[in-house]
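Just below is one structure, and these are the notes that go with it.
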Amino acid sequence: MNSDFFLGIDVGGTDIKLGLVDDRGNVHFKHQTPTRPLGCPDAVFEYAIRYANETLLNHELPADMLRGVGVAVPGVLDTRAGVLREVVNLPGWLGVSLIKHLAAITKLPTQLINDANAAAYAEHVIRSLGDGSLALLTLGTGIGGGLVLSGRPHGGDHGCAGELGHITIDFSDTAIPCTCGSRGHLESYAGAPAVLSNLQRRLRALPVESISPELLSPDVTTRDIATHAEKGCQVCVDVMMETACHVGKAIGMLGQVCNPEVVILGGAMTFGGEATATGRMFLDAVRESVKRTTLVQVGGNMDIQFASLGNDAGVCGAGMIARHRSSRSAR
Ligand SMILES: [Zn+2]
1 MNSDFFLGID
11 VGGTDIKLGL
21 VDDRGNVHFK
31 HQTPTRPLGC
41 PDAVFEYAIR
51 YANETLLNHE
61 LPADMLRGVG
71 VAVPGVLDTR
81 AGVLREVVNL
91 PGWLGVSLIK
101 HLAAITKLPT
111 QLINDANAAA
121 YAEHVIRSLG
131 DGSLALLTLG
141 TGIGGGLVLS
151 GRPHGGDHGC
161 AGELGHITID
171 FSDTAIPCTC
181 GSRGHLESYA
191 GAPAVLSNLQ
201 RRLRALPVES
211 ISPELLSPDV
221 TTRDIATHAE
231 KGCQVCVDVM
241 METACHVGKA
251 IGMLGQVCNP
261 EVVILGGAMT
271 FGGEATATGR
281 MFLDAVRESV
291 KRTTLVQVGG
301 NMDIQFASLG
311 NDAGVCGAGM
321 IARHRSSRSA
331 R
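So in full-length UniProt numbering, spot 114 of the sequence shown is number 114, and the numbers just go up one at a time.
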């Protein structure tokens, strides 16, 4: 190994993920540990830098291969101040000057980034998009997102850029309330609970004996919808296509504002993703919905794909943003 390394730290409410990221975005020496026993930011940063230094030592690699540290955090991040303004499940992290603590503990060039923007940046780096733009939507219980504009992660002036789940797609008086307190947002139409409500509503119109017991179970998931759609269940196909239509509308709006070259769909709710015919049908329906709602130059040129990086995206993006910072400060 002759590359520099950048320590990527992906902080979640449940687990901390670590890895040494090389110049090309490959993640080496991955490690995961529960967040709760470490708790506060200082303990996490001390644990992470100790892990990185011991890993280099154990592999007989020189300590100065480690050139920087990047940390991905959930919630609303004020990147200028290096402070989390809002976060769920990490109470000890709120309002702390994370960037100061990180620099003091690691004594290396440091960078903070929102976790969704880290994932978006990682997808951008592995595609070698250079100065191009990319948007990432994470589809799951909630709908999150990250933006990389002209090659740089874009958090916005108040840390809320890329909150694509809260794009309004229904402006009517009967628009569905969103978890954020507003109405008509993408998340309230295409987040997993909304997709399951849509399924229940459609099933109520059918004779009960015609419905698979799995779909009537209170434990039914969007994965079951994908499985049954794959087997030809029309209701599940319809639910999936309606979801794709909603997602496409939001991407279309984003497209008219930012005109990104690439849009990536990630998260747990991709209806099987690239590996299944159902997942690919979902993706095609999203693409069609985008084309219907945008200028031909926008929708026609936008490359919409499923995410390539799974669990490593946050660590990779955190490491790569540290590399970006380190290369700037070296100039
Ligand atoms: Zn909302």
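By construction, the Cβ of each residue, glycine as well, lies at the ideal position given by its N, Cα and C atoms.
- Taking 4 residues as the minimum length, the alpha helix (DSSP H) runs contained wholly in the segment 162 to 231 are 187 to 190, 192 to 203, 213 to 216, 222 to 230, in order along the chain.
- As DSSP reads the structure, L136 sits in a beta bridge with G146, I264.
- For R24, there is no enclosing alpha helix (DSSP H), as DSSP gives it neither H nor E.
- D78: member of the beta strand (DSSP E) spanning 76 to 78, first to last residue.
- For T270, the secondary structure class from DSSP, reduced to helix, strand or coil, is coil.
- Residue state for G68 is assigned as strand, using DSSP reduced to three classes.
- A distance of 7 Å or more separates the beta carbons of G140 and L112.
- The beta carbons of D15 and P41 sit no closer together than 7 Å.
- Setting aside the 5 residues that flank it on each side, M269 is surrounded in the same chain by L139, G140, A192, T222, each with a C-beta closer than 6 Å to its C-beta; the list follows chain order.
- Rounded to the nearest whole angstrom, the C-alpha separation of E123 and H324 is 15 Å.
- T14: not part of any beta strand (DSSP E); DSSP gives it neither H nor E.
- In the three-state reduction of the DSSP assignment, S289 falls in the helix class, which pools H, G and I.
- The criterion of a C-beta distance shorter than 7 Å is satisfied by V290 and G299.
- DSSP places G279 in the helix class (H, G or I) of the three-state scheme.
- In the DSSP assignment, E54 falls within the unbroken alpha helix (DSSP H) covering 41 to 58.
- Neighbourhood of ligand 1, defined by CB distance below 7 Å to any of its heavy atoms: G165, H166, C178, T179, C180, S182, H185, E187, S188, in chain order.
- Remark: C-beta atoms of L66 and F29 do not approach each other more closely than 7 Å.
- With respect to the 7 Å criterion, I99 and A318 are not classified as neighbours on the basis of their beta carbons.
- Distance from the CA of P109 to the CA of L7, rounded to the nearest whole angstrom, comes to 11 Å.
- DSSP places V73 in the strand class (E or B) of the three-state scheme.
- Excluding residues up to 5 positions away in sequence, S3, D4, R323 lie with their Cβ nearer than 8 Å to the Cβ of D23 in the same chain.
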